[in-house]
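Numbering (the working numbering), first residue to last: 46 to 545. Worksheet: one structure, shown below.
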């Protein structure tokens, strides 16, 4: 049977087709930009918003079903890169999925085209073809993105003639390049760390979050993720030379999204990690400090030089949009729960305080992960079972611990602050398959992906507030877990245990 006729491949493809049709329906695209085309106008008459919601829900179910059906244990000969390409095709020319950020990307390109400074010129106030489609939350604010993101947005908008629609669609071009880099680098990184390359590709790149939010949503986080992955691969393969190259790549990745900067810590540790298990606590600490410090200096110098040669650091003073209290972040959810009671006694804004608390908690969590992966054999040692699913410092083989720390630190930081979007989970999730987790942990990861898509899609497309969205998503994830207790994901049973 041809590869494209297999059940999982067809299910995922039909899913992205339906998702692509759904985003053409009224109520999703900011205005009547699609009605200028007669065929699309007819489609939008037939498919009203409610029908579009049904089509979207069916498409999401089929995409997840296809993803599960093409897992490595179920179809070990399928070439997943071709599957990703096929699934991406329907999304290439439709409006952004679950987000309107690409419209503000294009408007930032327009601002640069006018000779204005994106860090000081408000969005949607310079006129032009994109102003009316910038989301109201962002209108009047200034750019929050670092220089390389702004440059790529300008180049794409300029190359497409600042067209009101096609310039927005073309914002997918750098994202597609980034996803291609991820698809090339993730399996090689997995192989270098003793993980199954196909499982890593399936978990980290063929993932519906990548398909929906990177390919569909055109988010510039993809550039950061791709360059950080390349940085980890370079540091893994080439030792000290890889540390230098990896540090430069981390800085370039942070030029697309600032959280990528924390990857310099992992890059600094990769080349020295295999020797750490044999060192005393003091020697281990100072060796880690030296290598991380070297990576930090290179990363900082590159990032500063890149910024000074382009738009500077104006993003540090960008207009605060004051994240809305119905946001998806944990801080926002807590505010939604306790805010009504607090406001009975005080009008003091609660969300900024809670957001700062969550930011501190995220940093402390990253520090705890550092202890767990690098110092738990000396500081508060704990017995780790022989076939533990979480390898800690007690294992003596520290080779993969820098990536482990980076994945979980990214996840912690993604949840910090007042703002959270589910594509932030791709920051670390793209390398999750490198960590050699068991089938049980991977099933939990699938359930989490279901939950994230439900809460993001519910807010963006179904007028579902975050708390009901989280509850519904968690419920659907639990149903998936209950129905797949014996489902195999890793191609070999022996590959299912961590720390082996």
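Glycine is no exception: its CB is placed at the ideal position from the N, C-alpha and C atoms. No experiment lies behind these values; they were computed from the predicted model shown.
Since residue 313 and residue 511 should fall inside the 8 Å C-beta cutoff, what is the C-beta to C-beta distance between them, to a whole number of angstroms? Not really, about 37 Å apart at Cβ, beyond 8 Å.
When you compare the CB positions of residue 507 and residue 98, do they come within less than 8 Å of one another, or not? yes
Once the 5 residues before and after residue 285 are set aside, which same chain residues still bring their CB inside 7 Å of it? 316
I'd like the ranges of any alpha helix (DSSP H) spanning at least 4 consecutive residues and lying wholly in the stretch 238-277. 242-249
I'd like to know whether the C-beta atoms of residue 518 and residue 534 end up nearer to each other than 8 Å. no
Please state whether the Cβ-Cβ distance between residue 344 and residue 309 is less than 8 Å. yes
State the DSSP-derived secondary structure class of residue 401, mapped to helix, strand or coil. Residue state, collapsed to three classes: helix.
Limits of the alpha helix (DSSP H) - the one that residue 155 falls within: 146-158
In whole angstroms, give me the CA-to-CA distance for residue 105 and residue 447. 34 Å
For residue 129, which residues from the same chain have a beta carbon less than 7 Å from its beta carbon, with the 5 sequence-adjacent residues on both sides left out? 228, 250, 251
Going by Cα to Cα distance, which pick from 502, 531, 514 is closest to residue 67? For the residues 502, 531, 514, the minimum Cα distance to residue 67 belongs to 502.
Which term fits residue 362, buried or exposed, when burial requires 16 or more other beta carbons within 10 angstroms of its beta carbon? exposed
Own chain, CB closer than 7 Å to residue 538, minus 5 neighbours either side, in chain order: Only weak support is given to the placement of residue 538: the predicted model assigns it a pLDDT of 48, under 50, and the question is left unresolved by the model.
Using 10 angstroms around the beta-carbon of residue 47, count the other beta-carbons present and answer buried if the total reaches 16, otherwise exposed. exposed
Give me the Cβ distance between residue 414 and residue 454, rounded to the nearest whole Å; I'm assuming they're in contact under 8 Å. Indeed, because the Cβ distance is near 6 Å, the residues count as touching under 8 Å.
To the nearest angstrom, how far is the alpha carbon of residue 107 from that of residue 55? When rounded, the distance between both Cα atoms is 9 Å.
DSSP three-state assignment for residue 115, whether helix, strand or coil: coil
Meets three-Cβ-pair contact criterion under 8 Å: the stretch 136-145 and the stretch 268-285: no
Where does residue 374 sit, in a helix, a strand or coil, going by DSSP? coil
Kindly indicate which residue of 489, 61, 234 has the alpha-carbon position closest to the one of residue 560. Because the chain here runs from 46 to 545, residue 560 falls outside it and cannot be looked at.
Between which residues of its own chain and residue 465 is the CB-CB distance below 6 Å, once the five residues before and five after are set aside? Excluding the 5 residues flanking it on each side, residue 465 has same chain C-beta neighbours closer than 6 Å at 373, 374, in chain order.
Taking the Cβ atom as the reference point for each residue, do residue 28 and residue 243 lie within a distance shorter than 8 Å? The structure shown does not extend to residue 28, since the chain spans only 46 to 545, so no value can be given for it.
Quick one: what does DSSP say residue 476 is sitting in, helix, strand or coil? coil
Starting from residue 61, follow the alpha helix (DSSP H) in both directions and report where the run begins and ends. 52-67
Evaluate contact between the stretch 267-278 and the stretch 151-159, counting only Cβ atoms and requiring at least three cross-stretch pairs below 8 Å. The stretch 267-278, when compared against the stretch 151-159, does not touch it at the 8 Å Cβ threshold.
Classify residue 212 as helix, strand or coil using the three-state DSSP reduction. helix
Please classify residue 319 as buried or exposed, where buried requires at least 16 other C-beta atoms within 10 Å of its C-beta. exposed
Which complete beta strand (DSSP E) runs does the stretch 507-538 hold, if anything under 3 residues is left out? Within the stretch 507-538, no complete beta strand (DSSP E) run reaches 3 residues.
Could you tell me if residue 50 is buried or exposed, where buried requires 16 or more neighbouring beta carbons within 10 angstroms of its beta carbon? exposed
Quick test of the definition: if touching needs 3 or more C-beta pairs under 8 Å, does the stretch 472-479 touch the stretch 335-352? no
Is the CB-CB distance between residue 260 and residue 136 below 8 Å? Yes.
Given that a residue counts as buried once 16 or more other Cβ atoms are within 10 Å of its Cβ, and exposed if not, what is residue 358? Taking a 10 Å sphere around the C-beta of residue 358, we find fewer than 16 other C-beta atoms and assign the residue as exposed.
I'd like the span of the alpha helix (DSSP H) that includes residue 336, first residue to last. 326-353
How would you call residue 181, buried or exposed, if buried means at least 16 neighbouring beta carbons within 10 angstroms? exposed
Expected contact under 8 Å - CB spacing of residue 219 and residue 109 to nearest Å: Actually they do not touch by this definition, with Cβ atoms about 27 Å apart.
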